[in-house]
Amino acid sequence: MTVDFRQILCDSSKKVAEIAASCVLDEPERIKQVTEIMLADEYPYSHRAARVMEICSGQFPELFDKQQNNIIPALQKVRSEGIIRGILKIVADCPVKLSKKNRGILLGLCFDWLNDLSKPVSIRVHSMQFLYNISVHEKDIRDELISILEAGYADGSAGFRSRADKILRKLYHL
9 MTVDFRQILC DSSKKVAEIA ASCVLDEPER IKQVTEIMLA DEYPYSHRAA RVMEICSGQF
69 PELFDKQQNN IIPALQKVRS EGIIRGILKI VADCPVKLSK KNRGILLGLC FDWLNDLSKP
129 VSIRVHSMQF LYNISVHEKD IRDELISILE AGYADGSAGF RSRADKILRK LYHL
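Just so we're aligned, residue 9 is where the sequence shown starts under our numbering, counting upward by one.
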């Protein structure tokens with residue numbers, strides 16, 4: 009049966025996002041449709057599709073893994089902060105397996121976003137978490153991450169400082 013996700017995503021409620029996610033989880037090949045809507049960067053559908061991707065990836069990270077070659081390179085062009093936030097939340101919090109190329113793209117983007125004071129705190133915090141997760145295995149980025157967090161601490165929002173505190177404590181003990 010064909011599912012019109014644009015029609016499903018006309019409502020922004022959490023329940024609708026969960027229904028759309030269950031449609032994907034019932035037939036995992038539908039994740040392609042969700043990815044296409046998300047990357048079209050059309051408000052409000054793309055934001056809502058990002059939420060569906062987040063729900064699906066939380067339960068089955070391999071669904072994101074299969075779409076990462078479409079999603080990660082496209083992040084460089086996405087204007088919507090809601091989409092960026094959703095994807096960063098997935099890569100920061102879910103056990104996804106990124107390719108070396110995609111990990112490199114995200115490293116660059118996350119350092120840029122973390123340094124960009126005009127970005128919303130949610131994007132900066134998820135970037136911070138992703139970079140910390142990578143720094144556990146790649147020592148080369150630890151010093152840079154520490155210096156950025158220390159430099160941004162004084163002017164950071166409460167959310168930024170809270171996450172920076174937690175991550176800096178962990179980084180100092182690595």
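C-beta: ideal position from N, C-alpha, C; glycine also.
A distance below 7 Å between beta-carbons, with the five flanking residues on each side excluded, links proline 52 to the following residues of its chain, in chain order: Ser20. For the pair of segments examined, the segment 30 to 46 was found to touch the segment 55 to 64: the number of CB pairs separated by less than 8 Å reaches three. Contact check for proline 69 and isoleucine 113: beta-carbon distance about 18 Å, past the 8 Å limit, so the pair fails to qualify.
Distance from the CA of alanine 159 to the CA of aspartate 148, rounded to the nearest whole angstrom, comes to 18 Å. Apart from sequence neighbours up to five positions away, the residues of its chain that approach isoleucine 156 with a beta-carbon distance below 7 Å are Leu122 and Asn123, ordered along the chain. According to the DSSP assignment, lysine 108 belongs to the alpha helix (DSSP H) that extends over 108 to 123. Excluding the 5 residues flanking it on each side, glycine 167 has same chain C-beta neighbours closer than 7 Å at Val129 and Val133, in chain order.
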